[in-house]
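Undergrad: Submitted below is the structure of interest, expressed as structure tokens.
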Amino acid sequence: MFQLSNEGLTKVKKELQRYESKDSAIIPALYVAQKENKGWISPDVIHHLSQVMDIAESKITEVFSFYTMFNKKPVGKYHVQVCCTLSCALNGARELADHLCHELKVRAEEMTEDGRFTISKVECLGSCGTAPMMQVNDRYYENLTPESAMNILRGLK
Amino acid sequence: METKLLSEHYHQDDFQNLAGYKKQGGYQVLAKALKMTSQQIIDEVKASGLRGRGGAGFPTGTKWSFLPKNNEPRYLLCNADEGEPGTFKDRLMMERAPHQLIEGMIISAFAIQSAKSYVYIRGEYNEPIRIVEKALREAYEAGFLGKNILGSGFNHEMDIYAGAGAYICGEETGMISSLEGLKGQPKLKPPFPAVQGYLRKPTIVNNVETLAAVVPIIKDGAAAYKKFGTEKSPGTKLFSLSGNVVRPGNYEVPLGYPLKDLIYKLGGGMKPGKKLKAVIPGGSSAPVLNAIEAERATMDYECLAQMGSMLGSGAVIVLDDSNCMVDMLGNLTHFYHHESCGQCTPCREGTGWLNKIVSSIMEGRGRLQDIDLLVKVADNMKGRTICALSDAAALPVLSFVQKFRDEFEYFVREGRSKVRGISYAQMHH
Amino acid sequence: MPKCTINGQEVVVKDGATIIEAIHHNNQKIAHYCWHPGLSVAGVCRLCMVEIEGNPRLQIACNTVVSEGMKINNTSEKVKDAAKWGLDFHLINHPLDCPICDQAGECGLQDQYMEFGKYDPEMAERKVKKKKVVDLGPTVVLDTERCILCSRCVRFTDEVSKTNELGIFNRGDRSEIGTFDGKELDNKYSLNTVDICPVGALTSKDFRFRQRVWYLKDAQSICTGCSTGCNVKVYFNKEGLFRVKPVFNEKVNGYWMCDEGRDIYKFVNKNARLLKGKKKKPTGFEEFFPGALAKDISSLVTADPGKVAFVVTGQFTNEEYDQVFSLWTKKWGSKNIFHWLNSPEKQNEFDGLLLRGDRNPNTQGLLKRLKDFGISTQWKDLITKINTHEIDTVVVAGPENPIWFPDFKEKLASLAKAKSLIWMQSSNHPEFENVPAGTYLIPLKSFVEKEGTFTNYSGLDQKFSKVTTIVSEALTLTEACTLLAGENLMIRPDPNVLIAAHPTADRVTLEHRKKNEFVFRRGAL
Amino acid sequence: MSVVQRKSKENEWYLSGIFAGLWITGKHLVKNLLNKKQMPTLNYPEEKYEYSPRFKGNHVLTVKKDGSLRCTACMLCATNCPAECITIVASEHEDPTVEKFPIHYQIDILRCVFCGFCEEACPVDAVRMGPEWQTPGINGAQFNYDINHLAYRPQLKGGIQTVLDDEERHKSGI
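Chains H, U, P and V, in that order, give the protein sequences.
Last residue of the first sequence: 434 (our numbering), numbering continuous.
Last residue of the second sequence: 416 (our numbering), numbering continuous.
Last residue of the third sequence: 1241 (our numbering), numbering continuous.
Last residue of the fourth sequence: 300 (our numbering), numbering continuous.
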């Protein structure tokens, strides 16, 4: 069973107070929980949040499943998201993503065997001028080439 | 040459901080504005002819005057959910000059007499969120936010809300839904947000660039602002240039600036050996222009509308002649299929249908009538839904098919791309 | 009261009425799925498009309020085209499940496609596959593929039952209705979601696959499940009743009814009924024709009416009470009429929406008549009188549905102490096996087999008429008591029987029979 | 039509008629004996007449590859049947892709008028009218054909398969 840490619990409680409607705290709370649950949201998490926040599970699930930044299945320690929308695609982002998958011997949206990486092709990340780019967890890496991207991934501990 | 009304100091590293911002005259406009009446500010903005920079281009002053004339609490929301493919100007503005945005927001909030505002930033923008959060703290400490700002008796609270990855939250009512903690599905209009928005209270939603542009308007007056740009599209605008150009990036130019100058002078032109094939002038939702049209186009609301396209968010995506238009349309339809919120049937089913048709053309299963079907489906998605995403998905399809029909027909007949000469399977392993 | 023009006809509507209400008010047809008069406006199906003069864009009728002088058109080519394509968009990912779908025959997609459809499908791609046969809880089965995401059911659990079990998860054409993992759609009103589902996405477990809807006829009646008296439609054929659905009545139940009320058909069907008059002998039961038995044992009652007690439940019609009470009080001058009140402690319970603790349809009617006839007896008097042999014979008009009478066994035992017990009831009960010799059982008619009036909790009289016959030999309470009083039953000829009632109405029915009977009778979704 | 009896001398002499008839019989007897192959009569039941494969005889319920019934119990055949000779009781199947199937399917063959409407109405090719035409039985109950008889009678040798199976149908996105 998933349980928020004390710190996380205070954070969620604080978010509940922060906005005028209680429901507004769902997204921040899901962020907190996702961080504590190794980067993804399981039904357990939603059940726990529902109890902590006193909001119906179906409502939290609706929000959770609507937004792309909440992961529906476990992801690697480094979640590599390669933007593949138009501007990036024009500059070879799809080939970049394919290259990373090939190098790490993994299919898109799947975790590598050692659990370190998940490569996803995602929609526009708002870094079109510096295409192609990728986001590794919270950080943007821009103006990539297949080689430089692979070097960055290799350099991650 | 660029005309830097907003982005003049963006190259300075300390412009992020309150100290650096103040060094360049920051928050003096706020002091000036607080001495005016709110009606004066609205009038000034109206007179400046400032139009919304988020995409629709609705006159900002007019929007503000839709608020009911009563004492009901009202909200100002800053739309920083920049999701339109090709657009990255708001990110730059929040990263380089968060205080400019905050100052603009306080002035706007004063103009509409709102006591609470939110900056809704898309969740992927971790860096901007961090920077704006820090700037907010600084502003609170310096007394630009909170109770009795600069002794004027005006109170204002500002907070940040981070989205979680949904293009549709860039639509104003979708953003309001998201801010209320629901799925980011747009709301039925009427009632319009200015009457019933966030928590059913009157709400004004403006883009980052619009709110920031309020600062120079109040600083130098509407007349000075109107000197830039054209008669009907006054002022300057940040254009996000991306795609197959040598120097992609954000460029601030007055509206009415020729598109070819933007591409060739500021953007450094095409990469060696490549020729211009097409330009999407206003973010991925804008109908595409072919090379001939791009030569003539000027970047203002009227000219582009006349050419059947739109200025949108000012994201200029340049495509050179090595690109297969069928493949690119496939990329766009995939995007809209992925981002449709699933509320209205024509959009929910139509975006998926469009994507499937384009995919089957690319995978060699296409029929010639599929090309007409694309047009028919797109036509029937237009104007039939709550928000404009359906139109946004339909317009590129219509323009791509209209202007590059030969490539589609070639793909259907030969099973491979006319430009690249290879099949879909060879393009993507 | 704004005045508007709909397809050239002038219509005056209520203030704040939307166009779709105006169109329905004007008895015109308009395609729609997501709009339901009992729920908030969602405006997502985009089918109810209308053209408003002066507006270049089509508007949805469900969210546009009629204003003075508005000129509305929903028959133009533009509107028809929008509806056609709107329906096609609904159908491109809808499975062709009709042969196995329970909704076939009363399906919104079928009906509206026949009326407004394109008839030229162009979808040649693969459909989106989703989960089928999802068990949502004790009452409902979900098929996510068939769902057209009109969100009616979600709005119902949000706004009416306020239980929030359902949600629309995911986005785009991957959206699907569902409940949170492991949580069930389990509330007292869950089956209303099945009623309002315009397609076969939500089906009732109880009714699932039992009949095709076109084999069923329907008729209006009153729910006897509790004292609210919801207006219902019962669906039946020659085999009996199959299901119960609510009918709109603003004063009583609105658009809804509770799940328990939907079970009322079960104790009306033959397998739950007392079919023959029975006489308990030490060796077992002897069966009789009910009418003959009642007449036969009339001497038990008529010999000394003063020593006969009448026990009555709140499950009979006002007309029956009137006639039986006047027989007792006027003819015999006896006031030995006792009210059998089931679970008196729950009488005033109310769940806030419809369901009431008083599980009799006509307690108010009975109480009023007891008062009118000047009867004020106590149950404990009856027991003492039986014990002291002041009363020899007890005549009981028992409940139609013994489930709601937890004290059934106890009452039966205490009343069986009388010298002879005449028990009249529509449904059978396992306890009848154990009654002492000298007990008579007489089958009565249930509420679908007779006509009459029920008075609901608020004192509202609601008339209902006969629906069908299930146990043809059973008697109404009046008939049984008349026979018990030693009189004969008379069939009074109906003076109107030879007059053709509605020659034009017949013709209308015939015309529509040719088209699609079901669509016609159901009217709007 | 009424029978008119003409009274005449010729009619009284019936013997001539009898011989005329016998002459025809004898002629055919000799003809058939000489040419046995052309003989229209058969030694039923040892020999049986071959009807065209499109002959609409007794019903067959088709089966899927795994041998289970193709019928989805949609009851369209029963609805369409002018003789009302089809009775179906539907039930829930364990497999959600099948969902509904008949636990009881009965055709009262004595009521059946062999019109073929059931075959026509069936959306999934589950009921067909086969070339069988002999329907012997000892009592009335034997003419109520149930699933066992309709789908798995020995003559069908394990059942007749439909062209399209459920799985294929689902895969092809119908």
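Ideal Cβ placement from N, Cα and C applies to all residues, glycine included.
#1: Could you check if Glu401(U) is buried or exposed, using at least 16 other CB atoms within 10 Å of its CB as the buried criterion?
#2: When the Cα atoms are used, what is the spatial distance from Ile279(U) to Val195(U)?
#3: Counting Cβ pairs, one atom from each stretch, are 3 or more of them under 8 Å apart for the segment 341 to 353 of chain U and the segment 719 to 739 of chain P?
#4: Residues of the segment 220 to 252 of chain V with a CB closer than 7 Å to any CB of chain P: list them in chain order, please.
#5: CB Cys311(U) to CB Val406(U), shorter than 8 Å?
#6: Who are the Cβ neighbours of Phe1121(P) in its own chain at under 7 Å, not counting the five residues just before and after it?
#7: Return the bridge partner residues of Asn158(V) from the DSSP annotation.
#8: Step through the CB atoms of chain H and report whether any lies within less than 8 Å of the CB of Glu881(P).
#9: If you count every other CB in all the chains shown that lies within 10 Å of the CB of Val728(P), and 16 or more means buried, which is it?
#10: Inspect the beta-carbon positions of Tyr981(P) and Val960(P) and report whether they are closer than 8 Å.
#11: Hey, quick one: how far does the alpha helix (DSSP H) through Ser920(P) stretch, first residue to last?
#12: Check whether the segment 880 to 887 of chain P touches the segment 329 to 344 of chain H, counting contact only when three or more Cβ pairs, one atom from each stretch, lie closer than 8 Å.
#13: Rounded to the nearest angstrom, how far is the Cβ of Gln1031(P) from that of Asn1076(P), given a contact under 8 Å?
#14: Do Val253(V) and Leu187(V) have their CB atoms nearer than 8 Å?
#15: Between Cys207(V) and chain P, is the shortest Cβ-Cβ distance under 8 Å, so that the two count as touching?
#16: Taking the continuous beta strand (DSSP E) assigned at Lys50(U), which residues delimit it?
#17: Select from Ser920(P), Glu831(P), Leu1176(P) and Met786(P) the residue whose C-alpha is nearest the C-alpha of Val849(P).
#18: Please decide whether Gly299(V) counts as near chain P, where near means a Cβ-Cβ distance under 8 Å.
#19: Would you mind listing the alpha helix (DSSP H) stretches within the segment 330 to 401 of chain U that are 4+ residues and don't spill past its ends, in chain order?
#20: For the beta strand (DSSP E) containing Ala149(U), list its first residue and its last residue.
#21: Using a threshold of 7 Å, is the CB atom of Asn771(P) nearer than that to any non-hydrogen atom of the ligand MN?
#22: Determine, using beta-carbon pairs with one atom in the segment 817 to 833 of chain P and one in the segment 298 to 309 of chain U, whether at least three such pairs fall under 8 Å.
#23: Report the residue from Pro189(U), Pro115(U) and Phe131(U) whose alpha carbon sits nearest the alpha carbon of Ala84(U).
#24: Please return the same chain residues whose Cβ sits closer than 6 Å to the Cβ of Ala281(U), not counting the five positions on each side in sequence.
#25: Are the beta-carbon atoms belonging to Glu336(U) and Ile808(P) less than 8 Å from one another?
#26: What in chain P is Cβ-close to Tyr323(H), meaning under 9 Å?
#27: What first and last residue would you give for the beta strand (DSSP E) that runs through Ala797(P)?
#28: Among the candidates Gly171(U), Ala379(U) and Phe131(U), whose CA atom is the shortest distance from the CA of Gly161(U)?
#29: Measure from the C-beta of Pro320(H) to each C-beta in chain P and report whether the shortest distance is under 8 Å.
#30: What's the gap between the Cα of Ser229(U) and the Cα of Ile768(P)?
#31: Exposed or buried, what is Gly993(P) when buried is set at 16 or more other beta-carbons lying within 10 Å of its beta-carbon?
#32: Where Leu361(U) and Leu385(U) are concerned, what is the direct C-alpha to C-alpha distance, given to the nearest angstrom?
#33: Using DSSP bridges, identify the partner residues of Gly993(P).
#34: Could you tell me the boundaries of the beta strand (DSSP E) in which Ala302(U) lies?
#35: On the CB-based measure, 16 or more other CB atoms within 10 Å of its CB, does Met1140(P) come out buried or exposed?
#36: What span of residues does the alpha helix (DSSP H) with Thr879(P) cover, start to end?
TA: Working from what's here:
#1: Counting from one through the second sequence, the residue named residue 401(U) turns up at place 414. With fewer than 16 Cβ atoms within 10 Å of its Cβ, Glu401(U) is classed as exposed.
#2: Your numbering for residue 279(U) matches position 292 in the second sequence. Your numbering for residue 195(U) matches position 208 in the second sequence. One C-alpha to the other measures close to 33 Å.
#3: Flag = no, the segment 341 to 353 of chain U and the segment 719 to 739 of chain P do not touch.
#4: The segment 220 to 252 of chain V vs chain P, Cβ under 7 Å: Pro222, Thr223, Glu225, Lys226, Pro249 and Val250.
#5: Taking the first residue of the second sequence as position 1, residue 311(U) is located at position 324. Taking the first residue of the second sequence as position 1, residue 406(U) is located at position 419. Going by C-beta atoms, Cys311(U) is nearer than 8 Å to Val406(U).
#6: One-based indexing of the third sequence puts residue 1121(P) at position 405. Excluding positions up to five away in sequence, the list reads Asn1058 and Pro1115.
#7: The residue you call residue 158(V) lines up with position 32 of the fourth sequence. Its beta-bridge partners do not exist; DSSP assigns none.
#8: As a working mapping, residue 881(P) is identified with position 165 in the third sequence. Residue-level contact by beta carbon holds for Glu881(P) and chain H, with a gap shorter than 8 Å.
#9: If you number the third sequence from 1, residue 728(P) lands on position 12. By the neighbour-count criterion, in which 16 or more other beta carbons inside 10 Å mark a residue as buried, Val728(P) falls on the exposed side.
#10: Here residue 981(P) refers to the residue found at position 265 when the third sequence is read from its first residue. Here residue 960(P) refers to the residue found at position 244 when the third sequence is read from its first residue. Yes.
#11: In the third sequence, counting from the first residue as 1, residue 920(P) sits at position 204. Following the DSSP letters along the chain, one finds Ser920(P) in no alpha helix (DSSP H) but inside the beta strand (DSSP E) bounded by residues Leu918 to Ser920.
#12: Yes, the segment 880 to 887 of chain P is in contact with the segment 329 to 344 of chain H.
#13: In the third sequence, counting from the first residue as 1, residue 1031(P) sits at position 315. In the third sequence, counting from the first residue as 1, residue 1076(P) sits at position 360. About 5 Å; that satisfies the 8 Å criterion.
#14: Counted from its first residue, the fourth sequence places residue 253(V) at position 127. Counted from its first residue, the fourth sequence places residue 187(V) at position 61. Val253(V) is a Cβ neighbour of Leu187(V), given a cutoff of 8 Å.
#15: Indexing the fourth sequence from 1 puts residue 207(V) at position 81. No, because no Cβ of chain P sits closer than 8 Å to the Cβ of Cys207(V).
#16: Here residue 50(U) corresponds to residue number 63 of the second sequence, with the count starting at 1. Careful: Lys50(U) lies outside any beta strand (DSSP E), inside the alpha helix (DSSP H) at Thr47 to Ser52.
#17: Taking the first residue of the third sequence as 1, we reach residue 849(P) at position 133. If we check each option's Cα against that of Val849(P), Ser920(P) comes out closest.
#18: The residue given as residue 299(V) occupies position 173 in the fourth sequence. Low local confidence applies: a pLDDT of 44 at Gly299(V) is under 50, so the model's placement there is unreliable, and no value is given.
#19: Entirely contained in the segment 330 to 401 of chain U, the alpha helix (DSSP H) runs reaching 4 residues are, in chain order, 332 to 349, 355 to 368, 376 to 390 and 392 to 401.
#20: Here residue 149(U) refers to the residue found at position 162 of the second sequence. In the DSSP assignment, Ala149(U) falls within the beta strand (DSSP E) that extends over Glu144 to Ala149.
#21: Summarising the ligand content, the structure contains no ligands, and the ligand MN is consequently not present.
#22: Result no; under three Cβ-Cβ pairs closer than 8 Å.
#23: Here residue 84(U) refers to the residue found at position 97 of the second sequence. Ala84(U) has its Cα closest to that of Pro115(U), out of Pro189(U), Pro115(U) and Phe131(U).
#24: In the second sequence, the residue the question calls residue 281(U) occupies position 294. Closer than 6 Å at the Cβ level, and outside the excluded window around Ala281(U), lie Leu246 and Val266.
#25: Along the second sequence, one-based indexing puts residue 336(U) at 349. Along the third sequence, one-based indexing puts residue 808(P) at 92. It is a contact, given that the beta carbons lie within the stated cut-off.
#26: Here residue 323(H) refers to the residue found at position 46 when the first sequence is read from its first residue. Note on identity: in this sequence residue 323(H) is Ile, with Tyr being the wrong assignment. Near Ile323(H) (Cβ distances below 9 Å), the residues of chain P are Phe896 and Asp897.
#27: Within the third sequence, residue 797(P) is the residue found at index 81, counting from 1. In the sequence on display, residue 797(P) carries Asp and not Ala. For Asp797(P), there is no enclosing beta strand (DSSP E); the residue is found in the alpha helix (DSSP H) stretching over Glu793 to Leu807.
#28: Working through the second sequence from its first residue, we reach residue 161(U) at position 174. For Gly161(U), the nearest C-alpha among the options comes from Gly171(U).
#29: Residue 320(H) sits at position 43 when you count from the first residue of the first sequence. Using a Cβ-Cβ cut-off of 8 Å, Pro320(H) counts as an interface residue toward chain P, since at least one Cβ of chain P sits closer than that to its own.
#30: For the purposes of this step, residue 229(U) is taken as the residue at position 242 of the second sequence. For the purposes of this step, residue 768(P) is taken as the residue at position 52 of the third sequence. CA-to-CA, the gap between Ser229(U) and Ile768(P) works out to about 42 Å.
#31: Along the third sequence, one-based indexing puts residue 993(P) at 277. Burial is judged here by how many other beta carbons sit within 10 angstroms of a residue's own beta carbon; Gly993(P) has at least 16 and is buried.
#32: As a position in the second sequence, residue 361(U) is number 374, starting the count at 1. As a position in the second sequence, residue 385(U) is number 398, starting the count at 1. Cα to Cα, Leu361(U) sits roughly 8 Å from Leu385(U).
#33: In the third sequence, counting from the first residue as 1, residue 993(P) sits at position 277. In the DSSP assignment, Gly993(P) is bridged to Phe1004(P).
#34: Along the second sequence, one-based indexing puts residue 302(U) at 315. Unbroken beta strand (DSSP E) run through Ala302(U): Ala302 to Asp307.
#35: Counting from 1 along the third sequence, the entry for residue 1140(P) is found at position 424. Counting Cβ neighbours within 10 Å, Met1140(P) comes out buried, since at least 16 surround it.
#36: On the third sequence, position 163 is the one that residue 879(P) refers to. Annotation: Thr879(P) is outside any alpha helix (DSSP H) and is labelled neither H nor E by DSSP.
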